[in-house]
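Numbering-wise, full-length UniProt numbering puts 37 at position 37 of the sequence shown, and it's gapless, one number per residue.
For reference, the structure is listed below as structure tokens.
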Amino acid sequence: MNASAPASTRYRQGLAVRRSVLGDAHVDRAETASTDFDRPFQELITEAAWGTVWARPTWSKRERSMVTLALLAALGHDEEVAMHVRATANTGASREDICETFLHVAIYAGVPAANRAIKIAKQVFAEMDAGR
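Below you can see the structure in the form of structure tokens.
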């Protein structure tokens, strides 16, 4: 948050949700790497994505995780797919859930998009299983 302005309630809530999903290490790296140039963007995603959408009570983190993975895979956002596959360790989405999610992607967004997402998920699972 801007050093001169106090953090909003939405920002504080978003930061807590972001940490619970992505993990402290990821959020700490993002905050450390933040500069004056991208700090407004970090504040925006913390408040809007994490403090507004992810903080809503209607869906569980598991459900939001699966929908997020489907959308990211469909749009071809590979780095974000990898990050959110890792986050499933914190959201409760199982590997079976992720497989089902990508099957839906294959039908509704195309086989190439799902194929790429499955390849990324397999790489991430191998890293997670190896303790990396």
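Every residue, glycine too, gets a C-beta built ideally from N, C-alpha and C.
None of the values given here were measured: they were computed from a predicted structure.
- Non-local beta-carbon contacts of R62 in its own chain, meaning distances under 6 Å to residues more than five positions away in sequence, involve T91, G92, A93 in chain order.
- The stretch 54 to 70 and the stretch 32 to 45 do not touch, with fewer than 3 CB-CB distances between them shorter than 8 Å.
- Taking the Cα of Q123 as reference, the smallest distance to any Cα among L103, R95, R10, E100 is reached at R95.
- For G14, the secondary structure class from DSSP, reduced to helix, strand or coil, is helix.
- For P112, the enclosing alpha helix (DSSP H) stretches over residues 111 to 129.
- Counting the other Cβ atoms within 10 Å of the Cβ of E47 gives 16 or more, which makes it buried.
- Each of A30, C99, A130 was checked against the Cα of N115, and the nearest Cα belongs to C99.
- Between the stretch 27 to 42 and the stretch 103 to 114, the count of C-beta pairs closer than 8 Å stays below three; the two stretches do not touch.
- Shown here for D129: not one same chain residue has a beta carbon closer than 6 Å to its own, the five before and five after excluded.
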